[in-house]
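Each remark here refers to the structure printed beneath this line.
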C-alpha cells in the first residue's frame with residue numbers, strides 16, 4: 007500500500023512538473039513570436055515612412071527623389087544602410103553571451119529599424135498590392151512550417167548542416183550573379199532560396215523550442231527570446 011501511494015505521489019509530481027514546463031515553454035515561445043512580429047511591424051512602418059520621405063512623385067516617366075532619397079538610394083550611404091543590419095546580426099550572434107538583455111533587445115529594435123530603411127527601396131519597384139500579396143503568402147508559409155517545427159516529434163537537427171550548406175551556396179551564387187547578371191541564375195537562386203528557408207523555418211523553430219530551460223533566469227530567458235526572434239525574423243524576410 008505504501009509503495010502504491012509513493013508511486014502515485016511521484017506520478018502526480020511528474021505531471022505537475024510537466025504542466026509547469028509546458029506553461030513556461032508556451033510563455034517563452036509566445037515571447038519569441040511577439041518580438042519577431044513587432045520587429046516585422048517596425049520594419050514595415052520604417053519602410054513606409056522612409057519611402058514617403060524619399061520620394062516626391064512616382065509616374066510612368068520616372069521616380070523623383072528628395073535629397074534624403076538620393077542620399078539613401080544613390081550615394082555611398084546606401085551601402086551603410088544595406089550592410090549595417092548584417093553587421094548587427096554578426097555582432098549579436100557572436101556577442102550575445104557578453105551583453106545584457108536590455109542591450110540585446112535594443113540592438114534587435116535597431117536592426118529591425120535599419121531593415122526598414124534598407125527594404126524601403128522595394129516600394130520603388132513593386133506596388134503596394136503585390137507586396138501585400140507576397141507578405142500574406144509568406145506569412146502563411148512561415149506559419150505552417152513554424153507550427154510543424156514546434157509540434158513534430160521528428161528530430162530536425164540532422165537537416166541543419168545540409169540547410170546551412172545550401173544557404174552558403176546560395177550566398178556565393180548570389181555574389182557571383184551580381185557580376186554575371188543572369189536572369190536564369192537569379193530564378194534558380196530564388197527558388198532554391200525559398201525551399202531552403204522553408205526548411206530553416208521548421209528547423210530553427212524546433213531549435214529555439216529545445217533551447218528552453220525552465221530553470222533559466224529572467225535575463226537569460228529574455229536573451230534567448232530575442233535571439234530566437236532574430237532568427238525567425240531572418241527566416242521570414244528571406245522567404246519573401
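Numbering (the working numbering), first residue to last: 7 to 246. The beta carbon of each residue, even a glycine, is placed where N, CA and C say it ideally should be. Predicted, not measured: the structure shown is a model, and the values here were computed from it.
Within 7 Å, strictly: CB atoms of residue i and residue j
i: residue 203; j: residue 245; result: yes
i: residue 114; j: residue 207; result: no
i: residue 209; j: residue 165; result: yes
i: residue 74; j: residue 90; result: no
i: residue 53; j: residue 126; result: yes
i: residue 191; j: residue 183; result: yes
i: residue 72; j: residue 64; result: no
Extent of the continuous alpha helix (DSSP H) run through residue i
i: residue 126; result: No alpha helix (DSSP H) holds residue 126; DSSP gives it neither H nor E.
i: residue 99; result: 83 to 101
i: residue 244; result: 224 to 245
Among the options, nearest to residue i - alpha-carbon criterion
i: residue 225; options: 241, 120 and 105; result: 105
i: residue 236; options: 174, 71, 97 and 162; result: 97
i: residue 200; options: 122, 151 and 229; result: 151
i: residue 195; options: 209, 179, 186 and 185; result: 179
i: residue 120; options: 86, 161 and 72; result: 86
i: residue 78; options: 70, 88 and 69; result: 88
i: residue 176; options: 103, 42, 198 and 47; result: 198
i: residue 84; options: 101, 124, 118 and 64; result: 124
i: residue 50; options: 128, 64 and 76; result: 128
i: residue 212; options: 188, 153, 82 and 181; result: 153
i: residue 80; options: 130, 29, 112 and 67; result: 130
i: residue 234; options: 156, 160 and 186; result: 156
i: residue 55; options: 217, 122, 188 and 163; result: 122
i: residue 45; options: 112, 160 and 31; result: 112
i: residue 205; options: 222, 82 and 163; result: 163
Where the beta strand (DSSP E) through residue i begins and ends
i: residue 68; result: 68 to 71
i: residue 65; result: 61 to 65
Inter-residue CB distance, residue i and residue j (contact presumed, cutoff 8 Å)
i: residue 144; j: residue 242; result: 7 Å
i: residue 238; j: residue 38; result: 7 Å
i: residue 70; j: residue 94; result: At roughly 32 Å, the Cβ-Cβ gap does not stay under 8 Å, so residue 70 and residue 94 are not in contact.
i: residue 107; j: residue 229; result: 5 Å
i: residue 34; j: residue 227; result: 6 Å
i: residue 219; j: residue 110; result: 17 Å between Cβ atoms; not a contact.
i: residue 48; j: residue 118; result: 4 Å
Check: residue i C-beta below 6 Å from any heavy atom of the ligand GDP
i: residue 145; result: The ligand GDP is not part of this structure, which contains no ligands at all.
Chain B contact for residue i (CB, 7 Å cutoff)
i: residue 216; result: Protein chains in the displayed structure number just one, and chain B is not present.
Checklist line | alpha helix (DSSP H) runs wholly inside the region 149 to 218, at least 4 long, in chain order | finding: Here the runs fully enclosed are 166 to 186 and 189 to 216.
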